[in-house]
Amino acid sequence: QVGGAIKRIWTLRLDKRGLALRYEDDFSVLRFPACSLSHQDMFALVADLEAPWHEGKSGTSFEGIFRSIGFMWDVDAKKVWTPEDKLVKYCSRIQRALSAPMVSLHDLQQIHGTLVHLCFVHDDGSPHLPAISNSF
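Each residue of the sequence shown is one higher than the one before, counting from 1 in full-length UniProt numbering.
Next up, the structure:
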């Protein structure tokens, strides 16, 4: 896969100064404290690969708090949370399903995927997922 290759090349070129992380098509780059590379320097390491970066997602500078894979991350404080816009979107999706007389398999699978994703940071819901998982 192209994304996997980009991640591997990026990690090698960082040479222990940082870490390139990837989940599906979302990339995050973490810079280790002793590293003096700027955000622009980090992206210059893989500029020759001509990967299309979405500036709105990848940002233009290193921030203490950043958004990646649908969550907000504060690495220094060791906190992760779901942004408000995602919570509104997910609650609306679930509310529509609960108020419908019937839920399609596609909608149920979409809600299940949403809940699985949320359980990465909100693990209180994990024990309730098998009931949905077993309905497929």
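Idealized CB from N, CA, C, for every residue including glycine. These numbers were taken from a predicted model, which means no experiment stands behind them.
- prompt: If you run the structure through DSSP and keep just helix, strand and coil, what is Ala-47?
  reply: helix
query: So is Leu-118 in contact with chain B if we call contact Cβ pairs under 8 Å?
result: Among the chains in the structure shown there is no chain B, since it carries only a single protein chain.
field: Rounded C-alpha distance that separates Phe-136 from Tyr-23
entry: 25 Å
task: Kindly give me the distance between the Cβ atoms of Arg-93 and Gln-110, rounded to whole angstroms, as I take these residues to be in contact under 8 Å.
output: 7 Å
task: Could you check which residue in Leu-21, Arg-67, Lys-16, Gly-125 has the C-alpha nearest to that of Lys-57?
output: Comparing alpha-carbon positions, the option among Leu-21, Arg-67, Lys-16, Gly-125 lying closest to Lys-57 turns out to be Arg-67.
task: Below 7 Å CB to CB, which residues in the same chain sit around Gly-70 once its five sequence neighbours on both sides are set aside?
output: Lys-86, His-117
- prompt: For Trp-53, does the count of other Cβ atoms within 10 angstroms reach 16, so buried, or fall short, so exposed?
  reply: exposed
task: Could you spell out the range, first to last residue, of the beta strand (DSSP E) harbouring Asp-85?
output: Careful: Asp-85 lies outside any beta strand (DSSP E), inside the alpha helix (DSSP H) at 84 to 99.
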